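Chains as they are written, first to last, in the working numbering: chain C, 1 to 222; chain F, 1001 to 1222.
C-beta atoms are modelled at their ideal positions from N, C-alpha and C, and glycine is treated no differently.
Keep in mind that this is a model prediction, so the values were computed, not measured.
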DNA sequence: TAAGTTTAGTGAATTATTTCGCAACCGGCT
DNA sequence: AGCCGGTTGCGAAATAATTCACTAAACTTA
């Protein structure tokens, strides 16, 4: 396929500053990738922006426009080679490697996260689980891990090279924990606590709060 | 406080069709509410759009504009009475009541969700936990619940009047489960499975997928 | 009371995002 | 070879969201 090796247009596009590509576009790429992988698992080899759009409930134009920020991945008349586009999206998102992740909080949510199967195949591996409760230290969790004391954070970060943490801690502990994570050199935090964290501007935080989703839904209910 | 009883402007605004208020605005209201409740817990009585914006990392103008879709809740020179604004947001979001929620999936994620403390104080109560695994039926879960067979779905929905479900099931089961939820009359689904569901247009689905957040983050990393 | 400070609400301007519409192109078919 | 249906990539247009900037109002202080 002629475009698999890239071309001048694609390289120009890729050379753009990251900051110039809207964050909202980046946020959709993982969903595209996820959907493409399901199609691939289904044995499909090729798809189109139209088919993808129907799956996702968005317009085909949006998908084409989003992808066009990064290069030319499709073929007129044919569409997109699924495996190829997956690989390209993985490269763009930097998940053509495995990222070590540190999990803080070994309560029932932390345990669920430690057990979650999808991380490995998506570019992430939980390399340490930390908790402040002395009762929990040493207990096995997830796939071959043991709960470590939170005070080990520095060593865990240094040993693994992790940049990413997941926080599954109670709201009242979240800001304190976040401060320590930043202190330890982490720059990306996925926070399950229902609180907006205050962090330096070089640290990126994303939030998961089911209540926010529920309350968004109930607005439309009676 | 003069604006607590509402006024002509506020009523006009409230009379607008829901569809006319941007969904993105609705999506921020739960975060405002969450933040206001933290301030209230802190003993604070009054805040300003500027203070809220600093907490949340957004502009004060955006907060004022968002709120202005629904009425006039503040006082010039003073700001917003926190308790009052909380109540108003709860009314707007329809969480000035308790919504029954059906949880499907009693694996480790389902268990974590069933144990989650924040729902009660936010307007939600898990009223049934369903699973397809016969081994799990009858086991206690969450606060005083027992796992029921998924085939009970119809009865659970009818008995509770639930409109909302949370899906904590494996990806391969998700579409099938979603079909049943829709069939049973539910119209709002919070889906933790990493898949985009296909549902009729009267059903609203929101997604929680940590991988999407991780991959969004890694775009900005090296 | 009067001046100074703070803040909400909002129309207008700006910026961002999505959609439209079409030229160029691909592959299959006759 | 030439035509046809299908599809991308993309500039331009349309729409949506955010920010600006200002008025009016409420509180504070002297």
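Counting along the chain, the unbroken alpha helix (DSSP H) around residue 85 of chain C starts and ends at 82 to 92. Under the Cβ distance rule, residue 1214 of chain F counts among the residues neighbouring chain C, one pair being separated by less than 7 angstroms. The beta carbon of residue 122 of chain C sits closer than 7 angstroms to some beta carbon of chain F. Excluding five sequence positions before and after residue 140 of chain C, the CB atoms of its chain that fall closer than 7 angstroms to its own CB belong to 146, given in chain order. The stretch 1191 to 1206 of chain F and the stretch 1147 to 1159 of chain F do not touch, with fewer than three beta-carbon pairs separated by less than 8 angstroms. In this chain, the beta strand (DSSP E) harbouring residue 188 of chain C covers 188 to 191.
The three-state secondary structure of residue 1026 of chain F, taken from DSSP, is helix. Using beta-carbon distances, residue 1118 of chain F counts as an interface residue toward chain C, with a partner under 7 angstroms.
Residue burial annotation: residue 1082 of chain F is buried, with at least 16 other C-beta atoms found within 10 angstroms of its C-beta. Counted as a single uninterrupted DSSP element, the stretch harbouring residue 21 of chain C is not any alpha helix (DSSP H), since DSSP gives it neither H nor E.
By the criterion of a C-beta distance shorter than 6 angstroms, residue 1050 of chain F is surrounded in its chain by 1060, once the five residues flanking it on both sides are discounted. The bridge partners DSSP lists for residue 1129 of chain F are F:1103, F:1147.
Distance from the CA of residue 1212 of chain F to the CA of residue 1096 of chain F, rounded to the nearest whole angstrom, comes to 32 angstroms.
Using a 10 angstroms sphere on the CB of residue 136 of chain C, the tally of other CB atoms reaches 16 or more, which defines it as buried. Around the beta carbon of residue 24 of chain C, a 10 Å sphere encloses fewer than 16 other beta carbons of the protein chains shown; the residue is thus reported as exposed. DSSP places residue 1178 of chain F inside the alpha helix (DSSP H), whose first and last residues are 1171 to 1183. Under the DSSP assignment, residue 164 of chain C falls in the beta strand (DSSP E) whose first and last residues are 164 to 167.
Assigned with DSSP and collapsed to three states, residue 1078 of chain F falls in coil, not helix or strand. Residues of the same chain with their beta carbon placed closer than 6 angstroms to that of residue 68 of chain C are lacking, with the five preceding and five following residues left out of the count. Considering only beta carbons, the part of the stretch 1090 to 1102 of chain F lying closer than 8 angstroms to chain C consists of 1092, 1093, 1094, 1095, 1099, 1101, in chain order. Spatial neighbours of residue 53 of chain C in its own chain (CB-CB distance under 6 angstroms, excluding positions within 5 residues in sequence) are listed in chain order as 59, 60, 63. Beta-bridge annotation (DSSP): residue 205 of chain C is paired with C:189.
According to DSSP, residue pairing for residue 47 of chain C in a beta bridge involves C:80. If you look at residue 199 of chain C, you'll find it isn't in any alpha helix (DSSP H); DSSP assigns it neither H nor E. Among the residues of the stretch 1177 to 1210 of chain F, those with a Cβ less than 7 angstroms away from any Cβ of chain C are 1188, 1190, 1194, 1195, 1196, 1204, 1206, 1208, 1210, in the order of the chain. Chain order gives no chain C residues near residue 1043 of chain F, where near means a beta carbon separation below 8 angstroms; the closest approach is about 15 angstroms.
Separation of residue 1186 of chain F and residue 1152 of chain F (C-alpha to C-alpha, rounded to the nearest whole angstrom) is 14 angstroms.
In the three-state reduction of the DSSP assignment, residue 1058 of chain F falls in the coil class.
Taking a beta-carbon distance threshold of 7 angstroms, residue 221 of chain C counts as an interface residue toward chain F. At a cut-off of 7 angstroms between C-beta atoms, residue 115 of chain C counts as an interface residue with respect to chain F.
With distances taken between CA atoms, residue 39 of chain C lies nearest to C:85 out of C:85, C:181, C:202, C:148.
The beta carbon of residue 1132 of chain F sits closer than 7 angstroms to those of 1150, all from its chain and outside the five residues before and after it, given in chain order.
DSSP lists F:1145 as the beta-bridge partner residues of residue 1141 of chain F.
Check the Cα spacing between residue 1177 of chain F and each of F:1118, F:1117, F:1103: the tightest is with F:1103. Beta-carbon to beta-carbon, residue 1169 of chain F and residue 1105 of chain F are separated by about 4 angstroms, close enough to satisfy the 8 angstroms threshold. Inter-residue distance for residue 144 of chain C and residue 130 of chain C is about 14 angstroms (C-alpha atoms, whole angstroms).
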